[in-house]
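Participant: Just so you know, the sequence shown maps onto residues 1 to 301 in full-length UniProt numbering.
Glycine residues also receive a C-beta, built at the ideal position from the N, C-alpha and C atoms.
The structure presented is a predicted model; accordingly, all values stated were derived computationally and were not measured.
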Amino acid sequence: MKLLSFLAIILISFTGFSQNISGVAYYESKTTVDMDNFGNREMSEDMKRQIAERMKNYLEKTFILTFNGNESIYKEEEKLETGGGRGGFAMMMGSFSAGKQYKNLKNNQILEEREFFGKEFLINDTLTNLDWQITKESKQIGQYLAIKATAVKPIDENDFSMARRRNRDRNRDNTNEEENEGEKVADTTKTEPADPFDEIEIPKTIEVTAWFTPQIPVGNGPGEYAGLPGLILELNAHRTTLLCSKIILNPKEADKIVAPTKGKEVTREEYNEIVKEKMDEMRENFRGRGGRGGGGRRFGG
(Lines of atoms letter the chains of each structure in order from A and count residues from 1; the text may use other names and numbers.)
(Lines give C-alpha, C1' and ligand atoms only; values in the text may rest on other atoms or scores of the structure.)
Protein backbone atom coordinates (compact mmCIF):
# COMPACT_ATOMS: atom_id res chain seq x y z
CA MET A 1 0.00 0.00 0.00
CA LYS A 2 2.85 2.39 0.78
CA LEU A 3 4.35 1.73 -2.63
CA LEU A 4 1.04 2.31 -4.43
CA SER A 5 0.35 5.50 -2.47
CA PHE A 6 3.84 6.81 -3.20
CA LEU A 7 3.43 6.02 -6.89
CA ALA A 8 0.02 7.73 -7.02
CA ILE A 9 1.43 10.95 -5.54
CA ILE A 10 4.30 10.92 -8.02
CA LEU A 11 1.94 10.36 -10.96
CA ILE A 12 -0.23 13.34 -9.99
CA SER A 13 2.72 15.73 -10.01
CA PHE A 14 4.63 13.98 -12.82
CA THR A 15 4.04 16.52 -15.61
CA GLY A 16 4.93 19.60 -13.61
CA PHE A 17 8.10 18.19 -12.11
CA SER A 18 9.41 16.62 -15.33
CA GLN A 19 9.55 19.94 -17.15
CA ASN A 20 12.15 21.26 -14.70
CA ILE A 21 14.42 18.20 -14.62
CA SER A 22 17.51 17.60 -16.72
CA GLY A 23 20.34 15.19 -16.27
CA VAL A 24 22.89 12.73 -17.57
CA ALA A 25 22.59 8.98 -16.97
CA TYR A 26 25.29 6.38 -17.68
CA TYR A 27 24.28 2.82 -18.59
CA GLU A 28 26.47 -0.28 -18.62
CA SER A 29 25.49 -2.84 -21.25
CA LYS A 30 25.92 -6.57 -20.65
CA THR A 31 24.99 -9.20 -23.23
CA THR A 32 25.06 -12.93 -22.54
CA VAL A 33 26.44 -15.24 -25.21
CA ASP A 34 25.25 -18.86 -25.34
CA MET A 35 28.21 -20.86 -26.65
CA ASP A 36 26.65 -24.31 -26.10
CA ASN A 37 25.20 -24.35 -29.59
CA PHE A 38 27.79 -22.14 -31.25
CA GLY A 39 29.91 -23.44 -34.08
CA ASN A 40 30.20 -27.12 -35.01
CA ARG A 41 31.50 -30.32 -33.47
CA GLU A 42 35.02 -29.64 -34.73
CA MET A 43 35.27 -26.40 -32.70
CA SER A 44 37.19 -27.01 -29.49
CA GLU A 45 36.08 -25.72 -26.11
CA ASP A 46 39.18 -23.53 -25.95
CA MET A 47 38.29 -21.92 -29.27
CA LYS A 48 34.72 -21.35 -28.09
CA ARG A 49 36.08 -19.73 -24.94
CA GLN A 50 38.31 -17.37 -26.95
CA ILE A 51 35.44 -16.39 -29.24
CA ALA A 52 33.13 -15.82 -26.27
CA GLU A 53 35.73 -13.56 -24.65
CA ARG A 54 36.12 -11.48 -27.82
CA MET A 55 32.36 -11.17 -28.21
CA LYS A 56 32.01 -10.21 -24.56
CA ASN A 57 34.58 -7.43 -24.91
CA TYR A 58 32.81 -6.09 -27.98
CA LEU A 59 29.32 -6.27 -26.45
CA GLU A 60 30.15 -4.69 -23.09
CA LYS A 61 29.69 -0.96 -23.63
CA THR A 62 28.85 2.24 -21.79
CA PHE A 63 26.06 4.48 -23.06
CA ILE A 64 25.20 8.05 -22.07
CA LEU A 65 21.67 9.44 -21.93
CA THR A 66 21.46 13.24 -21.78
CA PHE A 67 17.86 14.23 -21.05
CA ASN A 68 15.41 16.92 -20.06
CA GLY A 69 11.63 16.84 -19.68
CA ASN A 70 10.85 16.17 -23.34
CA GLU A 71 14.07 15.48 -25.24
CA SER A 72 17.12 13.26 -25.01
CA ILE A 73 20.28 12.17 -26.80
CA TYR A 74 21.53 8.60 -26.32
CA LYS A 75 24.98 7.62 -27.54
CA GLU A 76 27.81 5.18 -26.90
CA GLU A 77 30.71 6.45 -24.83
CA GLU A 78 33.77 6.79 -27.04
CA LYS A 79 36.59 4.40 -26.19
CA LEU A 80 39.97 3.65 -27.71
CA GLU A 81 40.22 0.39 -29.66
CA THR A 82 42.14 -2.22 -27.67
CA GLY A 83 43.76 -5.19 -29.33
CA GLY A 84 42.43 -7.61 -31.88
CA GLY A 85 41.25 -5.05 -34.43
CA ARG A 86 37.84 -5.31 -36.06
CA GLY A 87 37.80 -8.78 -37.50
CA GLY A 88 35.20 -11.51 -37.59
CA PHE A 89 32.25 -10.86 -35.30
CA ALA A 90 33.19 -7.23 -34.59
CA MET A 91 33.45 -6.44 -38.29
CA MET A 92 30.06 -8.02 -39.00
CA MET A 93 28.35 -6.16 -36.16
CA GLY A 94 30.16 -2.98 -37.15
CA SER A 95 28.33 -3.16 -40.48
CA PHE A 96 25.17 -2.35 -38.52
CA SER A 97 26.65 0.27 -36.18
CA ALA A 98 24.35 2.82 -34.56
CA GLY A 99 25.24 6.42 -33.85
CA LYS A 100 23.37 9.05 -31.85
CA GLN A 101 19.73 8.52 -31.03
CA TYR A 102 17.42 11.46 -30.42
CA LYS A 103 14.00 11.22 -28.78
CA ASN A 104 11.33 13.90 -28.55
CA LEU A 105 8.60 12.66 -26.21
CA LYS A 106 6.31 15.61 -26.87
CA ASN A 107 6.37 15.09 -30.65
CA ASN A 108 6.55 11.28 -30.33
CA GLN A 109 9.62 11.30 -32.60
CA ILE A 110 12.82 9.30 -32.72
CA LEU A 111 15.83 9.99 -34.95
CA GLU A 112 18.57 7.36 -35.24
CA GLU A 113 21.93 7.61 -36.93
CA ARG A 114 22.85 4.30 -38.56
CA GLU A 115 25.85 3.21 -40.58
CA PHE A 116 25.20 0.21 -42.77
CA PHE A 117 28.13 -1.23 -44.75
CA GLY A 118 29.83 2.15 -44.92
CA LYS A 119 26.75 4.17 -45.89
CA GLU A 120 25.23 6.61 -43.38
CA PHE A 121 21.49 6.88 -42.77
CA LEU A 122 19.25 8.95 -40.52
CA ILE A 123 16.11 7.04 -39.59
CA ASN A 124 13.12 9.30 -38.89
CA ASP A 125 10.41 7.39 -37.07
CA THR A 126 7.71 7.62 -34.43
CA LEU A 127 8.37 6.24 -30.95
CA THR A 128 7.13 2.73 -30.31
CA ASN A 129 4.57 3.15 -27.55
CA LEU A 130 4.80 -0.11 -25.62
CA ASP A 131 1.88 -1.29 -23.53
CA TRP A 132 3.72 -1.19 -20.22
CA GLN A 133 2.27 -3.22 -17.36
CA ILE A 134 3.38 -1.70 -14.06
CA THR A 135 3.72 -4.32 -11.32
CA LYS A 136 3.82 -4.15 -7.53
CA GLU A 137 7.43 -5.33 -7.44
CA SER A 138 10.11 -2.88 -6.37
CA LYS A 139 13.80 -2.87 -5.47
CA GLN A 140 16.54 -0.44 -4.61
CA ILE A 141 18.93 0.60 -7.38
CA GLY A 142 21.60 2.79 -5.86
CA GLN A 143 19.78 5.49 -3.90
CA TYR A 144 16.56 5.18 -5.89
CA LEU A 145 13.42 3.11 -5.43
CA ALA A 146 12.77 1.28 -8.69
CA ILE A 147 9.44 -0.26 -9.77
CA LYS A 148 9.14 -3.14 -12.21
CA ALA A 149 7.22 -2.86 -15.50
CA THR A 150 6.94 -5.33 -18.37
CA ALA A 151 5.94 -5.12 -22.01
CA VAL A 152 5.97 -7.17 -25.21
CA LYS A 153 7.96 -5.50 -27.96
CA PRO A 154 7.58 -6.28 -31.69
CA ILE A 155 10.89 -6.81 -33.50
CA ASP A 156 11.81 -5.69 -37.00
CA GLU A 157 12.53 -8.69 -39.20
CA ASN A 158 15.91 -7.19 -40.16
CA ASP A 159 17.06 -6.34 -36.64
CA PHE A 160 20.09 -8.63 -36.50
CA SER A 161 20.95 -7.47 -32.98
CA MET A 162 18.10 -9.79 -31.93
CA ALA A 163 19.29 -12.75 -34.01
CA ARG A 164 19.45 -16.16 -32.38
CA ARG A 165 20.42 -19.61 -33.59
CA ARG A 166 17.33 -21.12 -35.16
CA ASN A 167 17.56 -24.72 -33.95
CA ARG A 168 18.60 -23.84 -30.40
CA ASP A 169 15.44 -22.11 -29.24
CA ARG A 170 13.07 -24.13 -31.38
CA ASN A 171 14.43 -27.44 -30.10
CA ARG A 172 14.45 -26.18 -26.53
CA ASP A 173 10.77 -25.25 -26.60
CA ASN A 174 9.52 -27.98 -28.95
CA THR A 175 8.05 -30.98 -27.13
CA ASN A 176 7.94 -33.15 -30.25
CA GLU A 177 11.22 -35.06 -29.84
CA GLU A 178 10.63 -37.18 -32.94
CA GLU A 179 10.39 -34.08 -35.11
CA ASN A 180 13.58 -32.71 -33.61
CA GLU A 181 15.38 -36.01 -34.16
CA GLY A 182 14.19 -35.99 -37.75
CA GLU A 183 15.65 -32.54 -38.22
CA LYS A 184 19.01 -33.70 -36.86
CA VAL A 185 19.08 -36.69 -39.20
CA ALA A 186 18.19 -34.51 -42.15
CA ASP A 187 21.01 -32.13 -41.29
CA THR A 188 23.61 -34.92 -41.34
CA THR A 189 22.67 -35.89 -44.90
CA LYS A 190 23.37 -32.44 -46.37
CA THR A 191 26.17 -32.40 -48.92
CA GLU A 192 26.06 -28.70 -49.75
CA PRO A 193 27.78 -26.14 -47.49
CA ALA A 194 25.42 -24.82 -44.82
CA ASP A 195 24.01 -21.36 -45.46
CA PRO A 196 24.82 -19.34 -42.28
CA PHE A 197 21.69 -17.25 -42.82
CA ASP A 198 19.61 -20.42 -42.43
CA GLU A 199 21.16 -20.95 -39.01
CA ILE A 200 19.71 -17.81 -37.47
CA GLU A 201 16.27 -16.35 -36.96
CA ILE A 202 14.88 -13.11 -35.59
CA PRO A 203 12.00 -13.42 -33.08
CA LYS A 204 8.79 -11.60 -33.89
CA THR A 205 8.44 -10.31 -30.33
CA ILE A 206 10.46 -10.21 -27.11
CA GLU A 207 9.50 -9.54 -23.52
CA VAL A 208 11.04 -6.42 -22.03
CA THR A 209 11.46 -5.77 -18.32
CA ALA A 210 12.15 -2.27 -17.07
CA TRP A 211 12.83 -0.89 -13.59
CA PHE A 212 11.95 2.80 -13.38
CA THR A 213 12.15 5.32 -10.56
CA PRO A 214 9.33 7.81 -9.87
CA GLN A 215 11.91 9.83 -7.93
CA ILE A 216 13.17 11.11 -11.31
CA PRO A 217 9.84 11.86 -13.03
CA VAL A 218 10.87 11.92 -16.67
CA GLY A 219 9.32 9.41 -19.07
CA ASN A 220 12.63 8.48 -20.65
CA GLY A 221 15.16 5.69 -20.69
CA PRO A 222 18.02 4.07 -22.60
CA GLY A 223 17.76 3.43 -26.34
CA GLU A 224 14.31 3.72 -27.84
CA TYR A 225 12.60 2.94 -24.53
CA ALA A 226 10.32 5.49 -22.91
CA GLY A 227 6.75 5.98 -21.71
CA LEU A 228 6.99 5.13 -18.01
CA PRO A 229 6.31 7.58 -15.14
CA GLY A 230 9.96 7.78 -14.20
CA LEU A 231 13.47 7.34 -15.58
CA ILE A 232 14.31 3.74 -16.49
CA LEU A 233 17.30 2.65 -14.41
CA GLU A 234 17.52 -0.97 -15.55
CA LEU A 235 16.26 -2.66 -18.68
CA ASN A 236 16.33 -6.31 -19.73
CA ALA A 237 15.58 -7.13 -23.37
CA HIS A 238 16.41 -10.44 -25.06
CA ARG A 239 20.00 -11.27 -23.98
CA THR A 240 20.97 -7.69 -23.08
CA THR A 241 20.80 -5.86 -19.76
CA LEU A 242 21.29 -2.11 -19.44
CA LEU A 243 22.00 -0.94 -15.89
CA CYS A 244 22.32 2.70 -14.85
CA SER A 245 25.62 3.16 -13.03
CA LYS A 246 25.64 6.93 -12.51
CA ILE A 247 23.18 9.84 -12.62
CA ILE A 248 23.91 13.57 -12.55
CA LEU A 249 20.76 15.64 -12.08
CA ASN A 250 20.53 19.25 -13.24
CA PRO A 251 24.25 19.46 -14.13
CA LYS A 252 25.82 22.89 -14.55
CA GLU A 253 27.44 21.68 -17.75
CA ALA A 254 25.99 19.08 -20.09
CA ASP A 255 25.96 18.37 -23.80
CA LYS A 256 23.30 20.29 -25.66
CA ILE A 257 20.43 18.17 -26.89
CA VAL A 258 20.36 18.74 -30.63
CA ALA A 259 18.58 16.53 -33.14
CA PRO A 260 21.12 14.73 -35.39
CA THR A 261 21.27 15.52 -39.10
CA LYS A 262 24.04 13.17 -40.27
CA GLY A 263 23.18 10.70 -43.03
CA LYS A 264 20.56 10.19 -45.70
CA GLU A 265 17.11 10.60 -44.11
CA VAL A 266 14.87 7.55 -44.53
CA THR A 267 11.82 6.09 -42.85
CA ARG A 268 12.07 2.90 -40.81
CA GLU A 269 10.37 0.97 -43.62
CA GLU A 270 12.80 2.33 -46.22
CA TYR A 271 15.81 1.44 -44.07
CA ASN A 272 14.52 -2.09 -43.46
CA GLU A 273 14.08 -2.58 -47.20
CA ILE A 274 17.68 -1.44 -47.82
CA VAL A 275 18.94 -3.92 -45.22
CA LYS A 276 16.83 -6.72 -46.67
CA GLU A 277 18.12 -6.13 -50.19
CA LYS A 278 21.74 -6.19 -48.97
CA MET A 279 21.27 -9.35 -46.92
CA ASP A 280 19.50 -11.10 -49.84
CA GLU A 281 22.46 -10.13 -52.03
CA MET A 282 24.92 -11.57 -49.51
CA ARG A 283 23.00 -14.84 -49.42
CA GLU A 284 23.07 -15.10 -53.19
CA ASN A 285 26.82 -14.39 -53.25
CA PHE A 286 27.40 -17.06 -50.61
CA ARG A 287 25.39 -19.68 -52.47
CA GLY A 288 26.93 -18.76 -55.82
CA ARG A 289 30.42 -19.35 -54.43
CA GLY A 290 29.59 -22.68 -52.86
CA GLY A 291 29.60 -21.34 -49.33
CA ARG A 292 32.96 -19.55 -49.56
CA GLY A 293 31.38 -16.09 -49.26
CA GLY A 294 32.91 -12.80 -50.34
CA GLY A 295 32.56 -10.93 -53.64
CA GLY A 296 29.37 -9.34 -54.87
CA ARG A 297 28.71 -5.87 -56.05
CA ARG A 298 29.54 -2.95 -53.78
CA PHE A 299 26.79 -1.42 -51.68
CA GLY A 300 25.60 1.81 -53.24
CA GLY A 301 22.41 3.79 -53.54
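Taking Gln-109 as the reference, which of Lys-119, Leu-127 and Gln-101 has the closest Cα?
Facilitator: Nearest C-alpha to Gln-109: Leu-127.
Participant: Is Ile-123 closer than 7 angstroms to Glu-112 when the C-beta atoms are compared?
Facilitator: Cβ atoms of Glu-112 and Ile-123: closer than 7 angstroms.
Participant: Between which two residues does the beta strand (DSSP E) carrying Ile-232 extend?
Facilitator: First-last of the beta strand (DSSP E) with Ile-232: 231-237.
Participant: Compare the Cα-Cα distances from Asp-125 to each of Ser-44, Gly-288, Thr-31 and Val-266 and report the closest residue.
Facilitator: Selected option, being the one with the closest Cα: Val-266.
Participant: Applying the criterion that 16 or more other CB atoms from any shown protein chain within 10 Å of the CB defines a buried residue, is Gln-101 buried or exposed?
Facilitator: When all chains shown are included, Gln-101 counts as buried.
Participant: Just mark Met-47 as buried or exposed, buried being the case when its beta carbon has 16 or more other beta carbons within 10 Å.
Facilitator: The residue in question, Met-47, is exposed, as its Cβ has fewer than 16 Cβ neighbours within 10 Å.
Participant: For Glu-178 and Ile-248, I'd like the C-alpha separation in whole angstroms.
Facilitator: Low local confidence applies: a pLDDT of 46 at Glu-178 is under 50, so the model's placement there is unreliable, and no value is given.
Participant: Taking 8 angstroms as the threshold, find out whether the region 20-29 comes into contact with the region 200-218 through three or more Cβ pairs.
Facilitator: The answer is yes - the region 200-218 touches the region 20-29, with three or more Cβ pairs under 8 angstroms.
Participant: Would you decide whether Thr-135 is buried or exposed? Buried here means 16 or more other CB atoms lie within 10 Å of its CB.
Facilitator: That one is exposed.
Participant: Give the C-beta separation of Gly-227 and Leu-130 to the nearest angstrom, bearing in mind that I take them to be a contact with Cβ-Cβ under 8 angstroms.
Facilitator: With 8 angstroms as the limit, Gly-227 and Leu-130 qualify as a contact, their Cβ atoms being about 6 angstroms apart.
Participant: Could you check which residue in Glu-234, Ile-274, Ala-237 and Gly-223 has the C-alpha nearest to that of Gly-99?
Facilitator: Nearest option by C-alpha distance: Gly-223.
Participant: Roughly how many angstroms separate the alpha carbons of Asn-68 and Thr-240, rounded to a whole number?
Facilitator: Approximately 25 angstroms between the Cα atoms of the pair.
Participant: What number of angstroms, rounded off, separates the C-alpha of Phe-286 from the C-alpha of Glu-78?
Facilitator: Each residue's alpha carbon lies about 34 angstroms from the other.
Participant: Identify, in the order they occur along the chain, each residue of the same chain with its Cβ nearer than 6 angstroms to the Cβ of Thr-209, setting aside the five sequence neighbours on each side.
Facilitator: Closer than 6 angstroms at Cβ, skipping near neighbours: Thr-150 and Asn-236.
Participant: Pick out the complete beta strand (DSSP E) segments inside the region 258-293, 3 residues or longer, and give them in chain order.
Facilitator: Listed in chain order, they are 264-266.
Participant: Taking only three categories from DSSP, how would you classify Asp-46?
Facilitator: Note: Asp-46 maps to helix in three-state DSSP.
Participant: For the beta strand (DSSP E) that contains Gly-23, what are its first and last residues?
Facilitator: Gly-23 -> beta strand (DSSP E) spans 23-31.
Participant: Within this structure, are the beta carbons of Ser-72 and Lys-106 separated by less than 7 angstroms?
Facilitator: No, the pair does not count as a contact, with Cβ atoms beyond the cut-off.
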